[in-house]
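The sequence shown lines up with residues 19 to 665 when you count with our numbering.
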Amino acid sequence: MARRDAGIRFRDVYAHPVGRDAVDKILLQLGRSPRWVTNPLVANLRLRTLGTLAAPLIGPGVADAFAHILAEHPERIGQATGSDEQAKRSWWESAVFYQVYPRSFQDSDGDGIGDLRGIIDRLDYLHDLGVDCVWLSPIFDSPNEDMGYDVRDYRAVMTEMGTLADLDELIAGCHDRGMRIILDLVVNHTSAQHEWFQAAIADPDGPYGDYYHLRPGAPGEDGSGAPPNNWTSFFSGSAWRWIPEAERWALHLFAPEQMDLNWENPAVRAEVADIVRWWRARGIDGFRMDVINYISKRAGLPDGNEAIGRLMGFFGIENYFFGPRLHEYLHELRTAGFTGGGALDGLMVGETPGVGIEMGRLLSDPERAELDLVFNFDVLEMPGRIRWDDYSYDLRYLKTYYTQLLTRLGPGDHAALFFDNHDNPRMLSKVLGARADDPRLRTAVGKALATIQLMLRGVPFLFQGQEIGAIDQDFAGLDELRDVESRNRHAELRAAGHSDAEAFAQVLPGARDHARTPMRWEPGTHSGFTTGAPWQAGNENSIGFTVAEQMDEPDSVWSFTRDLIRLRREHRALAAGGIRFLAPRSRDCFAWVRTGGEGEDEWLIEVNLTDRQISRPRGMPKAEPVLASAADDSMLGPYGVLVSRCG
Ligand code: ISL
């Protein structure tokens, strides 16, 4: 069989959306410029030659892995087309989203776990902030091995969070206030306790056996029996679990209790479409689709390339992060699940770890009727860094990242703009570290991040607590960490010979637990989150950074965030207009203009990305300051911000 990479030149790889994003991702991890690969010498190299030359450095087979991906996806990078005016105007394009992590938002019954009634009690708060759409992290029935991301029943509410009647009341409460609500749909995998999986292992050759990736084999008494391939889990260890009662290996890309669904099976796809229709009928306005780019696995589940596995930290990822039938599955779900009365309605925002700019454009191209927009995670860490690294995030990287991202997106493309979520430490703490104890700096950075997120061109997703300058927690030890990823990583480090203290020190910087501490509503015991014992430690007691204190303080992060959202609501250019970047040569100042339609105001935004005072860039357009933080008409203080109306 002719090798797949016969004749392919490196420029072909870089002209392909998947190839370009994969190469850019590798360059990002290596902290290298794209010029490394766009120069004619490299660009004209045959992929096979490059693979041979690079083999000593990156190992064999990488070129073939690229060729394989290109062969599976015939698309080429499309040019940005259309215009801002032509781009369709759906409700979500100008909406401000707010992610609620229900478990840590508000407890109403004193069991220490946040619940739906608690969210209902806080809907006026979200409305006052200016939220247009609430995204709930999973509330479905779950054993909570991964805090709800292991669903046991897609049509029932987790007991500790309430009932379906509560959820119906919450949906109505949002709609009555002119807000919308989307749920977190986790359908790459189910809980091992889901009835489908239980039926599958009871009868692996029966109808449900093909709902999952089950493979024969056996670990052997002496453990000599190897799993079906070398894939590793994102939560440590192999991605395969031996199920003795079924005498099968079962695939789990995440925890051993999260069993990957086999989307090649039309019955699985039909089940998911039915779940979507069921929730749409209950009034849900859409979904955030959990790791939805992983659903299509390469046929045969082949071994992962050693070099890619070492570089990315997970073996096998090239066989599923953008699988061969992904477009087909998404389009089918979009049309089967979301077509209400003929028009494509409802929102599908994809959580797509590992997907880069071009793949994101492909998945969210309106012409394809797949996803509406995706989360691109490359903003969360600086080049060459991973979440577990203990380092100081330099905000100047945001100028590089967003200038590249938003310049590459066309008017028909949309970017989800986010800094925090339930899976990552707080961005504010990544920037300031221990300096976050300085309330002035903490407030300045909180406002700067809110300005970038709410004033750039894109769809902002605030995460609970961001609006009050929430920061990471000083967890005292492993017993305060609840996240399966944190605890498994700690166990893996201990098994590798690290002491408890060393293992904890390596887990702490990247622990997802930082984002899952209880919302700080007011000073005092458990910050008004619960009258009981909170499920997760939240030992911060800094003064001035609770909701109650911030709402009363005109110079707080909360008030500034509310004012930014209000400006978006009052001026279309800020919510849905175009963007023109200014002062490209200034490393320290991130400046841009939001452009409107005929007769609409244009707006100038300037952000000091450093902890030093700087002069405003020269040559800015004439503009009247409307909202400012640590700034005047000539200087921008540390992390200072100016939002001005042009003209
Ligand atoms: O945050 C991440 C990438 O930056 C990863 O830690 C995260 O696991 C990955 O993005 C997938 O996350 C989603 O699926 C997981 C679940 O644990 C996460 O909470 C969810 O957001 C498995 O369902």
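Backbone N, C-alpha and C define an ideal beta-carbon position, used for all residues, glycine too.
Per DSSP, PRO656 lies in no alpha helix (DSSP H); the unbroken beta strand (DSSP E) holding it starts and ends at 653-664.
Taking the Cβ of PHE272 as the reference point, at least one heavy atom of ligand 1 falls within a distance shorter than 8 Å. For the pair TYR116 and LEU480, the CB atoms are nearer than the 9 Å cut-off.
PHE479 is bridged by DSSP to PHE115. Using a Cβ-Cβ distance cut-off of 8 Å, the stretch 507-520 and the stretch 465-481 are not in contact, since fewer than three pairs of beta carbons, one from each stretch, lie closer than that value. Secondary structure of GLU324 (DSSP, three-state): helix. At a Cβ-Cβ threshold of 9 Å, ARG530 and ASP497 do not count as neighbours.
Within the same chain, ASP159, SER160, PRO161, SER209, GLN211, HIS212 come within 7 Å of ARG170 by CB-CB distance, once the 5 residues on both sides are set aside. The beta carbon of ALA641 is closer than 8 Å to those of TRP621, LEU622, SER662, ARG663, CYS664, GLY665 in its chain, skipping five residues each way along the sequence. Comparing C-alpha distances from GLY196 to each of VAL149, TYR230, TYR167, VAL204 shows the shortest one belongs to VAL149.
When distances are taken from the beta-carbon of GLN117 to the heavy atoms of ligand 1, even the shortest one reaches 8 Å or more. Nearest to GLN484 by alpha-carbon distance, out of ARG444, ILE26, THR56, is ARG444. In this structure, the C-beta of PHE252 approaches ligand 1 to less than 8 Å from one of its heavy atoms.
Annotated three-state conformation of THR56 is helix, per DSSP.
Between VAL36 and LEU45, the CB-CB gap reaches or exceeds 9 Å. Contact between LEU424 and ALA433 is confirmed by a C-beta separation of about 7 Å, below the 8 Å threshold. Straight through space, the alpha carbons of ASP492 and ASN557 are spaced by roughly 7 Å. Rounded to whole angstroms, the gap between the alpha carbons of ALA273 and MET569 is 40 Å. In the DSSP annotation of this structure, MET277 is not part of any alpha helix (DSSP H); the continuous beta strand (DSSP E) holding it starts and ends at 276-278. Relative to the non-hydrogen atoms of ligand 1, the Cβ of GLN276 comes within a distance shorter than 8 Å of at least one.
Burial state of PRO284 is exposed, judged by a 10 Å Cβ sphere holding fewer than 16 other Cβ atoms.
Uninterrupted beta strand (DSSP E) stretches at least 3 residues long and entirely within the stretch 438-494 occur at 477-481, given in chain order.
Within 8 Å of the C-beta of MET330 there is not a single heavy atom belonging to ligand 1. In terms of side-chain proximity, the C-beta atom of ASP228 is found no nearer than 8 Å to any non-hydrogen atom of ligand 1. Look at TYR338 here: in three-state DSSP terms it is coil, with no helix or strand label. Runs of the alpha helix (DSSP H) spanning 4 or more residues and lying entirely within the stretch 526-567 do not occur at all. In this structure, PHE395 has its CB closer than 8 Å to one or more heavy atoms of ligand 1. Taking C-alpha positions only, TYR411 is separated from VAL449 by approximately 5 Å. By the Cβ criterion, the stretch 600-614 is not in contact with the stretch 572-587, since fewer than three pairs of Cβ atoms, one from each stretch, lie closer than 8 Å.
Setting aside the 5 residues that flank it on each side, SER126 is surrounded in the same chain by ASP133, ARG135, GLY136, ASP139, each with a C-beta closer than 7 Å to its C-beta; the list follows chain order. Beta-bridge annotation (DSSP): ALA609 is paired with LEU600, GLU624.
With a cut-off of 8 Å on Cβ pairs, the stretch 325-333 is not in contact with the stretch 385-396, counting fewer than three such pairs. Note that the C-beta distance between GLY487 and PHE599 is not below 9 Å.
DSSP lists ILE261 as the bridge partner or partners of ARG266. Distance from the CA atom of GLU111 to the CA atom of MET330, rounded to whole angstroms, is 33 Å.
Between LEU141 and LEU188, the CB-CB gap stays under 9 Å.
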